[in-house]
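Just below is one structure, and these are the notes that go with it.
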DNA sequence: GTCTATACAAAGATAGAC
DNA sequence: GTCTATCTTTGTATAGAC
């Protein structure tokens with residue numbers, strides 16, 4: 004639709020865009036509606052005109068972000084046409100790409116799930132993972148270890164560096180622009196390592 | 004000193020204890036000084052009497068917490084009398100024990116470092132790690148891979164599940180009390196896996 | 001040192017003109 | 001739909017009695 008281009012820069016959309024940025028960077032409590040208005044280049048009153056409250060606006064942004072982060076894992080895990088090794092490589096690759104573009108995403112989502120777990124109970128496609136092809140394949144490969152343990156390790160190796168990036172810099176472990184190339188490298192390294200773990204007994 | 008026992012339950016200490024709990028659970032911005040006062044069972048005015056402001060109180064709590072979390076890694080990494088394998092086992096064991104008792108610690112520290120990175124620049128013993136015995140041993144064992152990559156993976160496997168615990172529950176991957184025993188298991192699993200990674204070529 | 005009462009500032013939300 | 005001005009609530013900090 005040719006209206007699309009217009010709607011994308013509508014006031015409503017500008018506010019949402021700004022909200023995405025500010026909420027993700029500072030979290031719910033530390034964000035002021037005035038910050039969002041300023042970032043959007045609009046008047047504060049308009050925020051309440053379009054979205055009834057700070058809370059309502061936040062919910063919309065939050066749900067988007069949760070879907071972004073789970074949207075990587077679910078489809079890959081549930082695709083029964085790929086091998087275990089392919090799944091691992093895809094998960095790492097897709098998360099690294101997503102998180103290099105949205106570095107604040109995981110810490111934001113994790114913090115806010117933590118602050119309001121009840122908002123997410125039953126909303127995140129429970130058991131979409133536990134009954135997935137990924138879990139079956141893990142079970143088959145290494146019946147001696149809980150597949151959840153593998154999955155936690157895979158996600159930990161992949162997502163943790165983004166969560167911990169400020170700390171890695173503060174501790175002097177990573178410097179300046181080095182981070183991006185380290186993460187790119189991990190696309191190869193992690194699948195290699197996961198295979199070591201699964202194959203070497 | 005026999006005064007110690009008395010001082011531990013002094014008003015000042017009660018406030019600090021309460022502050023530890025509330026700040027760690029909700030973060031700086033979402034915490035109200037009234038919450039702390041209520042948790043401590045004291046009057047709100049006393050908080051400002053003992054600590055000049057919310058900010059000052061927060062700084063004290065924060066520094067304690069940063070030291071708790073880095074206090075595990077630094078001594079182990081810098082002990083040149085242990086082997087690489089021993090170091091890995093010790094790091095995992097100590098972090099699991101620490102974080103089972105303080106599950107909110109990592110998300111709290113990571114969020115707040117992120118919100119105010121400048122407070123931590125140069126304060127976290129820069130290069131205490133990069134020049135450590137741990138890094139030398141990693142380099143020697145596998146000269147072909149950046150030792151930082153190994154370290155990130157080790158910390159990711161160990162610390163990430165605690166950061167992600169609310170999400171793991173929300174996604175139905177972990178249920179009820181299962182979490183603790185999974186983490187206990189990881190004390191054995193992670194060192195095993197790290198050895199697989201380091202040894203299998 | 002501890003409390004009550006209150007000042008002061010910041011932030012969310014709304015009324016009403018245009 | 002958008003703006004200015006303002007109300008209301010909430011949260012930090014302080015004054016002053018005990």
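Chains as they are written, first to last, in the working numbering: chain A, 4 to 204; chain B, 4 to 204. We put the CB at the ideal spot given by N, CA and C, even for glycine.
Chain B within 8 Å of residue i, Cβ atoms only
i	result
residue 211 of chain A	A question about residue 211 of chain A goes unanswered here, because the residues of chain A that appear run from 4 up to 204.
residue 62 of chain A	no
residue 124 of chain A	yes
residue 14 of chain A	no
residue 102 of chain A	no
residue 166 of chain A	yes
residue 132 of chain A	yes
residue 110 of chain A	yes
Per-residue DSSP class, three states only, for residue i
i	result
residue 71 of chain A	helix
residue 45 of chain B	coil
residue 34 of chain B	coil
residue 23 of chain A	helix
residue 14 of chain A	helix
residue 61 of chain A	helix
residue 6 of chain B	Low confidence applies to residue 6 of chain B: its pLDDT is 41, below 50, so where it sits in the model is not reliable, and the reading given next is rough at best. Helix.
Chain A contact for residue i (CB, 8 Å cutoff)
i	result
residue 163 of chain B	yes
residue 169 of chain B	yes
residue 66 of chain B	no
residue 78 of chain B	no
residue 71 of chain B	no
residue 21 of chain B	no
residue 136 of chain B	no
residue 94 of chain B	no
residue 33 of chain B	yes
residue 56 of chain B	no
residue 29 of chain B	yes
residue 90 of chain B	no
residue 159 of chain B	yes
residue 24 of chain B	no
residue 114 of chain B	yes
residue 199 of chain B	yes
residue 156 of chain B	yes
residue 87 of chain B	no
Outcome for residue i when other beta-carbon atoms lying within 10 angstroms are tallied against a minimum of 16
i	result
residue 135 of chain B	buried
residue 19 of chain B	buried
residue 191 of chain B	exposed
residue 55 of chain B	exposed
residue 183 of chain B	exposed
residue 140 of chain A	buried
residue 3 of chain A	There is no way to answer for residue 3 of chain A, as the model of chain A reaches only from 4 to 204.
residue 52 of chain A	exposed
residue 92 of chain B	buried
residue 30 of chain B	buried
residue 109 of chain B	buried
residue 117 of chain A	buried
residue 202 of chain B	exposed
residue 78 of chain B	exposed
residue 12 of chain A	exposed
residue 83 of chain B	exposed
residue 22 of chain A	buried
residue 86 of chain A	exposed
residue 159 of chain B	buried
residue 48 of chain B	exposed
Any non-hydrogen atom of the ligand ATP within 7 Å of residue i CB
i	result
residue 87 of chain A	For the ligand ATP, the structure offers nothing, since it holds no ligand at all.
Beta strand (DSSP E) segments (min. 3 residues) lying fully within the segment 152-199 of chain A: none
For the segment 174-195 of chain A, which residues have a beta carbon sitting closer than 8 Å to at least one beta carbon of chain B? 174, 175, 176, 177, 185, 188, 189, 192, 193
Run through the segment 72-153 of chain A for me and flag every whole alpha helix (DSSP H) of 4 or more residues, listed as ranges in chain order. 87-104, 108-118, 136-144
Please name the residues in the segment 141-154 of chain A whose beta-carbon is closer than 8 Å to at least one beta-carbon of chain B, in chain order. 148, 149, 151, 152, 154
Short-range partners of chain A found in the segment 33-47 of chain B, where Cβ spacing is below 8 Å: 33
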